[in-house]
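Novice:
2 protein chains.
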Amino acid sequence: MSTATVQRTLLDRAAIEQIVRQIVLQSSGQQNSGQRGAAKPAEPNLVVSISARHCHLTDEHVETLFGPGHKLRPMKDLYQDGFYAAEETVMVVGPKRKMLPTVRVLGPTRPASQVELAFTDGISLGIDLPVRASGKIAGTPGCVLVGPRGVVELKEGVIRAERHVHMHQDHAAYYGVKNGDRMSLRIESTCSVVLQDLLVRADTTSKLEVHIDTDEGNAADLDHATRVELLKQR
Amino acid sequence: MSTATVQRTLLDRAAIEQIVRQIVLQSSGQQNSGQRGAAKPAEPNLVVSISARHCHLTDEHVETLFGPGHKLRPMKDLYQDGFYAAEETVMVVGPKRKMLPTVRVLGPTRPASQVELAFTDGISLGIDLPVRASGKIAGTPGCVLVGPRGVVELKEGVIRAERHVHMHQDHAAYYGVKNGDRMSLRIESTCSVVLQDLLVRADTTSKLEVHIDTDEGNAADLDHATRVELLKQR
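The listed protein sequences derive, respectively, from chains A and B.
Under this note's numbering, the letters of the first sequence match residues 1235 to 1468, in that order.
Under this note's numbering, the letters of the second sequence match residues 1235 to 1468, in that order.
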């Protein structure tokens, strides 16, 4: 049924829980039927990435957790230019003495520290996660971060990141959307799913990339997907 | 936007991982627009249940794991008449010495033992789960079950259960579907999802109930859903 060319970029299973899984499906171009004309530009490659649980830290918290003067050490570049998974990990401790021992730090550092978890993680920690766009952490739950050299008590910043799609403004024009709009992602597999209301984050520098979390990726079996479609919502 | 009346039947978080979460949303009746007439029967209550990881056992395996003459002890009735979560749990051991310590047994016993896991569980165990309808276990991975009195090596039977909807034939007639057809479930929440290709299992005894797994429930935040819709697929 689908003539999609499948190109996969999968890390091995052992690394999955700690960094990022990614799938690239070069679509057959069927998905925008009705919008295509002779002058239509080529359909962009759609990268769908699963963000496993991770955290972002301030410079100050990096030093508290890993020692004075410490700087994050990039381990693996992420798909968006300038972003990376760091060598560093922290322990995230929730209420009731539950914890996640190894949560990857992503760089570069940020003005506010933030922990992004899937609901599965939240349940195991005993934290009822709010769904928030990255950076919108006012009033969210906190947690304790434990590093090899120190401890940080976050008063807020533990969220489930709202699913979203990064794109260049040229892609936004291609899809007929603008920054702040909502789109849907259909993942075709043995357990096909449509993820609705993806937040469009369009700017002049980003590559086209959908970010979903591990629950969403697992629900749809993204690893074995045969087709992904990014759709403008009606 | 939605005028749905929400009735929730949620077990406390501590019990979630071991039994079943359930949500009942009495729809406002908007979902079958176009199919409704003066003589249309009232829309049935739609129950959506999250099945956490669990296993089904044969009589023989119950005795091997829990002792000669042992019978499963019902702990909590499930929504479908005659089915229950048992007091008994087993340890599921995968390859590479990874294990899940406490997997609930559901009763009554069956002709073949079967372990139903979410992909999150499969990843943590190191088992690449096939998606199968319950009972269709030929050629699926095996595992080791450990009980208080003995051990069973399953040669096959470890699956991710294909999402499905149980219904009475009267409900099938209401929705215009038949046993073996496929439907979609839309869950409206802060992270709305459409789960496609639910297998219809219609007979003369079942209540209307969708079964999804923990990954699917977490992806859609079913616990905080404001509306669920069961839709005939085009």
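Note that CB positions come from ideal geometry on N, CA and C, so glycine has one too.
Source: prediction; values computed, not measured.
1) Please confirm whether B:V1411 has its beta-carbon closer than 7 Å to some beta-carbon of chain A.
2) For B:A1454, which three-state DSSP category applies?
3) Threshold first: 4 residues or longer. Then list the alpha helix (DSSP H) segments lying entirely within the segment 1273-1353 of chain A, N to C.
4) Assign B:S1262 to one of three DSSP states: helix, strand, or coil.
5) Should B:T1323 and B:V1337 be called a contact, given that it needs their Cβ atoms to be closer than 7 Å?
6) Considering only residues of the same chain and omitting the five flanking positions on each side of A:R1476, which have a CB-CB separation below 8 Å?
7) Closest to B:K1412 by CA distance: which of B:Q1467, B:A1276, B:L1306, B:V1326 is it?
8) Would you tell me roughly how many angstroms separate the C-alpha atoms of B:C1289 and B:A1276, rounded to the nearest one?
9) Chain A beta carbons: is any one of them nearer than 7 Å to that of B:N1279?
10) Quick one: what's got a C-beta closer than 6 Å to A:S1436's C-beta in the same chain, skipping five residues either side?
11) Considering just the uninterrupted stretch of the alpha helix (DSSP H) at B:Q1403, what are its terminal residues?
12) Can you give me, in chain order, the residues of the segment 1424-1441 of chain B that have a beta carbon less than 9 Å from any beta carbon in chain A?
13) According to DSSP, which residues form a beta bridge with A:K1466?
14) Pull out every residue of the segment 1389-1406 of chain B whose Cβ sits closer than 9 Å to any Cβ of chain A, in chain order.
15) At what residues does the beta strand (DSSP E) containing B:C1377 begin and finish?
16) List the endpoints of the continuous beta strand (DSSP E) containing A:A1395.
17) Nearest chain B C-beta to A:D1449 closer than 7 Å, yes or no?
18) Assess contact between the segment 1422-1439 of chain A and the segment 1384-1394 of chain A, defined as three or more Cβ pairs (one per stretch) separated by less than 8 Å. Is contact present?
19) Would you mind reading off the limits of the beta strand (DSSP E) that contains A:D1437?
20) For A:K1310 versus A:A1319, is the C-beta spacing smaller than 7 Å?
21) Secondary structure at B:L1359, three-state DSSP: helix, strand or coil?
22) Just to confirm the assignment, what range does the beta strand (DSSP E) spanning B:L1388 have?
23) Whose CA, out of A:L1442, A:D1415, A:A1453, A:H1445, lies closest to the CA of A:S1423?
24) Residues of chain A with CB under 7 Å from B:A1352, in chain order?
25) Nearest CA to the CA of A:P1308: which residue from A:T1439, A:E1297, A:L1340?
26) Closest to A:V1380 by C-alpha separation, out of A:V1281, A:D1449, A:V1296, A:K1330, would be which residue?
27) Can you tell me which residues form a DSSP beta bridge with A:D1447?
28) Among the candidates B:L1291, B:L1388, B:E1294, B:H1398, whose CA atom is the shortest distance from the CA of B:P1329?
29) Mind checking if A:M1296 is an interface residue toward chain B, Cβ cutoff 7 Å exclusive?
30) Could you tell me whether any Cβ in chain A is nearer than 7 Å to the Cβ of B:V1327?
31) Tell me the rounded alpha-carbon separation between A:A1372 and A:P1302.
32) For A:L1299 and A:D1415, what's the separation of their Cα atoms in angstroms?
33) Could you work out which residues of chain B lie near A:D1415, taking near to mean beta carbons separated by less than 7 Å?
34) Are B:T1374 and B:T1292 close, meaning C-beta to C-beta below 7 Å?
Specialist: Quick answer:
1) no
2) helix
3) 1293-1300
4) For B:S1262, the pLDDT reaches just 41, beneath the cut-off of 50, and the residue's location in the model is therefore unreliable, although a value from the coordinates is still provided. Reduced to three states, the DSSP call for B:S1262 is coil.
5) yes
6) Residue 1476 of chain A cannot be examined here, being either before or after the span of chain A that is shown, 1235 to 1468.
7) B:Q1467
8) 36 Å
9) no
10) Rather than Ser, the amino acid found at residue 1436 of chain A in this sequence is Ala. Within the same chain, A:A1436 has close Cβ partners M1401, Q1403, A1406, N1413.
11) 1403-1409
12) T1424, C1425, S1426, V1427, V1428, L1429, Q1430, D1431
13) A:M1417
14) R1394, E1396, R1397
15) 1377-1380
16) 1392-1395
17) yes
18) no
19) 1427-1437
20) yes
21) helix
22) 1385-1388
23) A:A1453
24) N1452
25) A:L1340
26) A:V1296
27) A:S1285
28) B:L1388
29) Contrary to the premise, residue 1296 of chain A reads as Val rather than Met in this sequence. False, the Cβ-Cβ gap to chain B never drops below 7 Å.
30) no
31) 28 Å
32) 37 Å
33) The premise fails here: A:D1415 is roughly 15 Å from chain B at the closest Cβ pair, so nothing lies under 7 Å.
34) no
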